[in-house]
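Asks: Have a look at the structure that comes next, please.
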Amino acid sequence: MSTKELVEKYFDAIINGRFEEISMYQSPSYVRWISGEGSWPFGGFQDEQRMAQIFGIIRERFPDGLKITINSIIVEGNKAVVQIRNYAKRIDGRIYDNQIVFLITVENGLITEQKEFLDTIMVNELFCGTLT
């Protein structure tokens, strides 16, 4: 499977809520990093426990889920850049509308690294801030 095909299948599983499939696209050595290290609670390298906390916040604050739209996928060798739009309505009516860029590394047919670049001020406010 090509890097592009792997990344498309990975994001298709995420977008369509097939979370049980996600790990089959990830290497056992998979690492995930989110921008904003030191500026919000979920910046930096994430383990499964921290990702579970993030997913819990999403379920609690955005009960209708996130609407994810892939705007582009650019592949060069074993690297892919994926630009998405994340949109959701929080339980208090506030809108989350964020453009996110992922840099993904693939080795031996599996994702080994995922770096996520996003608007950390907005995410911190809507995910970790006070509900109104």
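Under the numbering used here, the residues of the sequence shown are numbered 1142 to 1273, in order. We treat Cβ as the ideally placed atom computed from N, Cα and C, and that holds for glycine.
(1) What ranges does the alpha helix (DSSP H) occupy inside the segment 1148-1233, keeping only unbroken runs of at least 4 residues that lie completely in it?
(2) Let me know the beta strand (DSSP E) ranges lying completely inside the segment 1239-1267, each 3 residues or longer, listed in chain order.
(3) Would you say the beta carbon of Glu1217 comes nearer than 6 angstroms to a heavy atom of the ligand ATP?
(4) Among Cys1269, Ala1154 and Gln1224, which residue has its Cα nearest to the Cα of Phe1258?
(5) To the nearest whole angstrom, what separates the beta carbons of Arg1235 and Thr1210, a pair I think is in contact under 8 angstroms?
Replies: Short version:
(1) 1160-1163 and 1189-1202
(2) 1251-1258
(3) With respect to small molecules bound, the structure shown includes none, and the ligand ATP cannot be examined in it.
(4) Gln1224
(5) Actually they do not touch by this definition, with Cβ atoms about 19 angstroms apart.
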